[in-house]
Amino acid sequence: MAGKSGKYSPELRAEVVAAVIEGGRTYAEVARDFGLVAETVRNWVVTERKKNAGCSDEAAGAIDRARTAELERRVRELEQENAFLKKAAAFFAREQR
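Just so you know, we're using this note's numbering here: the sequence shown kicks off at 441 and counts up by one.
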């Protein structure tokens, strides 16, 4: 049985792990909801926690702040592009008359 790791999709695994970690639910509850074995859910959660062991709350917060800053920068850039395109459209609309 140890070699059959491809039975479940990565999306399902991620959803199940998130239900336990972020939802604060027990392995058994989540396993019942998804039609899985509780031990399978526990293994997935343990594996995910080991993978993210080096990621502290402080590091996760810094990553979130950096991502937010990048997204805000991108929004400003797109707003400037939209303003330019509106001005260009108005200019060419006046020019055709």
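Think of the CB as a built atom: it goes at the ideal place given N, C-alpha and C, for glycine as much as any other residue.
Source: prediction; values computed, not measured.
Setting aside the 5 residues that flank it on each side, Leu452 is surrounded in the same chain by Phe474, each with a C-beta closer than 8 Å to its C-beta; the list follows chain order. Per DSSP, reduced to three states, the secondary structure at Gln520 is helical. The residue from Glu512, Glu510, Thr508 and Ile461 with its alpha-carbon nearest to that of Val486 is Ile461. DSSP, reduced to helix, strand and coil, places Tyr448 outside both helices and strands of the structure shown, so it counts as coil.
Tyr467 and Ala458 do not touch by the CB rule: their CB atoms are close to 13 Å apart, not below 8 Å.
Going by DSSP, Asn483 is part of the alpha helix (DSSP H) stretching over Ala478 to Lys491. Each residue's CA atom was taken as its position, placing Arg472 and Val481 some 10 Å apart.
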